[in-house]
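Take the sequence shown: its letters are residues 1105 to 1159, numbered as in the numbering used here. I have placed the structure first, in the form of structure tokens, so that the comments after it can refer back to it.
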Amino acid sequence: RRSEGVPNSVSVVPQPSDSAVPIHRLVPEDVDPELVYLCRHVYDFRYGRILKNLQ
């Protein structure tokens, strides 16, 4: 959307701080924040359940 000239809206994704967030977990700069969905759970299709407490 940004490359198409659509004006920027308020970011839904918080800006990274100096906390210890691994670089592979950060949202790239060229991704539209409206397309980002945060989920803290993972669904395991093999067992048919939500996995919790992932480290």
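Virtual Cβ for every residue (Gly too), placed ideally from N, Cα, C. Only a predicted model underlies this, so the values are computations on that prediction, with no experimental measurement involved.
*asked:* Under DSSP, the beta strand (DSSP E) around ARG1153 begins and ends at which residues?
replied: 1153-1155
*asked:* Check for me: the beta strand (DSSP E) holding ASP1148 runs from which residue to which?
replied: Counting along the chain, ASP1148 sits inside the beta strand (DSSP E) bounded by residues 1146-1148.
*Between LYS1156 and the rest of its own chain, which residues show a CB-CB distance below 7 Å, the 5 nearest in sequence each way excluded?*
HIS1145
*asked:* According to DSSP, simplified to helix, strand and coil, what is PRO1137?
replied: Of the three classes helix, strand and coil, the one that applies to PRO1137 here is helix, per DSSP.
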